[in-house]
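Here's the structure, in structure tokens; my notes come after.
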Amino acid sequence: DVKVTQSSRYLVKRTGEKVFLECVQDMDHENMFWYRQDPGLGLRLIYFSYDVKMKEKGDIPEGYSVSREKKERFSLILESASTNQTSMYLCASSLVGTGTYEQYFGPGTRLTVT
Amino acid sequence: AQSVTQLGSHVSVSEGALVLLRCNYSSSVPPYLFWYVQYPNQGLQLLLKYTSAATLVKGINGFEAEFKKSETSFHLTKPSAHMSDAAEYFCAVSAANTNAGKSTFGDGTTLTVKP
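Spelled out as structure tokens, the structure:
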């Protein structure tokens, strides 16, 4: 079974703190993704990475950065957390290429910024 | 570019009734289509996917979906709803000729099942 794990299920941080969300997958997938999920807005792509050290901005990259130093690990960084970044964050991975490659999701991290 | 529209953010059915969740897509190239389910406080998991081999696709938990190119639709159905089907459902599309592991998701439909 593909396993995508996220470092925390629940996280509470203060405004202005630097926040790291970690994601690890064990299936040697090239693609990794970070989404945020808010009620009524579905899944919005923050960043994705298709290879080590490669990244592309998604739909809402402002206020976030990412790091991918190893194939299995993809980190999301909030440089200075703000209350409008309170959300559910989902990590996913998939194979890269032109096949019918579904995404495999982690359980999510519910981040609250106070 | 691809996009997905899920019609109805909330759908409510009685236990044992037909489930129909609607998804329309837009794609300039042949699409791959997916339905995912999300139970409370969990990540998404794949229900089924359209691979271009057959237009009627069967998935887990008794769900199926039919790809209709002329209608640009990929609606999800289940003949008889069960209480355990209550969840949020997402339709997604990716392009067959690019990095198909990158998908665009709809806004989701919350399914409520009444006893």
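Chains W and L, in that order, are what the protein sequence lines are.
Here the working numbering runs 214 ahead of the position in the first sequence, where the first position is 1.
Read in the working numbering, the second sequence has 55 at position 59, and its numbers run on one by one without any break.
Where a beta carbon is used, it is the ideal one built from N, C-alpha and C, also for glycine.
Show which residues of chain L have a CB atom less than 9 Å away from the CB atom of W:Pro321. Asn37, Gln38 and Gly39
Which same chain residues end up closer than 6 Å to W:Met302 when comparing Cβ atoms and leaving out the 5 residues on each side of it in sequence? Gln251, Gly322 and Arg324
L:Lys45, buried or exposed, once every other Cβ within 10 Å from all chains shown has been counted against 16: buried
With DSSP run on the structure shown, which of helix, strand or coil describes W:Ser279? strand
Using DSSP with H/G/I as helix, E/B as strand and the rest coil, what is L:Gln38? coil
Using only alpha-carbon positions, find the residue among L:Ala88, L:Leu29 and L:Leu14 that is nearest to L:Lys74. L:Leu14
Answer yes or no: do L:Ser22 and L:Thr51 have a C-beta to C-beta separation smaller than 8 Å? no
Span separating the alpha-carbon of W:Glu276 from that of L:Phe59: 38 Å
Please report how far the alpha carbon of L:Thr47 lies from the alpha carbon of L:Leu29, in whole angstroms. 8 Å
W:Gln317 CB to nearest chain L CB: under 8 Å? yes
Is L:Val25 near L:Asn93, with beta carbons less than 8 Å apart? yes
Element boundaries [beta strand (DSSP E), containing W:Glu244]: Run containing W:Glu244: none; DSSP gives neither H nor E here.
According to DSSP, is W:Asp252 helix, strand or coil? strand
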